[in-house]
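According to this note's numbering, the sequence shown is numbered sequentially starting from 12.
Note that beta-carbon positions come from the ideal geometry of N, C-alpha and C, so glycine has one too.
Every value quoted in this text rests on a predicted model; they were computed, and no experiment measured them.
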Amino acid sequence: MIPASGGLQVAADIYGTEGPLVVLQHGGGQTRHAWKGAGQKLAEAGYLAVSLDARGHGDSDWAPDGDYSNDALVEDLVAVVDSFEQRPILVGASMGGGTSLTAVGEGRVDAAALVLVDTAPRIEAGGVRKIRDFMGQAPDGFSSLEEVADAIANYQPHRKRPRTLDGLAKNVRLWPDGRYRWHWDPEFMRRKRSLKDRVPRQEEAARNVDCPSLLVRGGLSDVLSEEGAQAYLELVPHSEYANVGEAAHMVAGDRNDIFVAAVLDFLGKIAAPS
């Protein structure tokens, strides 16, 4: 566990023992385990990769006041980065990307580089709604891991169904009533979020990004459109861009091989291990 803000602690997995620091932040409703494959590959390439459970997710503390705002997530990131003694490379998917962009663009974190994964200031309301609908289903939980697998398969029909259900145990918690519920604080879903209010702040943050940047989009994504990606590149003209054609919103989960190759190619130019 790593100290975060407000007295909370966040869970983390660390891959590697030395090298440039890469902080991996997952999307809403995910856990740090979403980065396992990427973390291992980064460590093999000589980086020190740290994947975090956001507050209220996975094994991290839940916020007693239910504060899961972008500001709270940024404060947590600042606290985590301060516990390491080097400038971080921030890699954030979806919600984690929004946190990273705000932290860099508003001068809260002095990042060596910024990698956004299928997120940008302008994202698609329909895709976001689909995610929220998925996360909001079965508030009373699931009776079995098979039901959990069915729900995930319906949400991600382009992915092959896993042969075993063992990995699903990291995405849910078994409650005392014998029901499986998603691995996040229910209060996270109760907080209202406005895309309209989000855009101006994120765009202003993007204009202020002066570190090397890479935007990775899933070619099948219904969250970040090609238009949204190009709008980010206009705001951050020095940013590099990679389109992973066979991936949807969860790029690293869909095509981790292509995703990691793009990230390592980018980092090799600006933050190669010594």
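- Residue pairing from DSSP places Arg192 in a beta bridge opposite Arg184.
- Considered as a whole, the segment 53-87 harbours no complete run of any alpha helix (DSSP H) with no fewer than 4 residues.
- At least 8 Å separates the beta-carbon of Leu19 from that of Ala65.
- Restricted to the segment 214-274, the alpha helix (DSSP H) segments that are unbroken, complete and at least 4 residues in length are 237-246, 262-265, listed in chain order.
- Non-local C-beta neighbours of Arg119 in its own chain, meaning closer than 6 Å and more than five positions away in sequence, comprise Val85, Val89, ordered along the chain.
- Spatial neighbours of Glu214 in its own chain (CB-CB distance under 7 Å, excluding positions within 5 residues in sequence) are listed in chain order as Pro132, Leu246.
- Taking all protein chains in view, the Cβ of Lys52 is crowded by 16 or more other Cβ atoms within 10 Å, so the residue is classified as buried.
- The C-beta distance from His68 to His249 rounds to 32 Å, too long to fall under 8 Å, and the pair is not in contact.
- Glu117 and Asn219 have their C-alpha atoms some 7 Å from each other.
- Here the alpha carbons of Leu127 and Arg98 stand approximately 17 Å from one another.
- Per DSSP, the unbroken beta strand (DSSP E) holding Leu35 starts and ends at 32-36.
- By the neighbour-count criterion, in which 16 or more other beta carbons inside 10 Å mark a residue as buried, Gln36 falls on the buried side.
- DSSP lists Val34, Leu125 as the bridge partner or partners of Leu101.
- Residues of the same chain with a CB within less than 6 Å of the CB of Asp24, apart from the 5 flanking positions on each side, are Arg43, Ser62 in chain order.
- The secondary-structure analysis by DSSP pairs Phe153 across a beta bridge with Tyr191.
- Around the beta-carbon of Gly147, fewer than 16 other beta-carbon atoms lie within 10 Å, marking it exposed.
- Residue pairing for Ala23: DSSP places it in a beta bridge opposite Leu63.
- When secondary structure is reduced to three states using DSSP, Pro211 falls in the helix class.
- If you look at Val139, you'll find it in the alpha helix (DSSP H) that goes 136-147.
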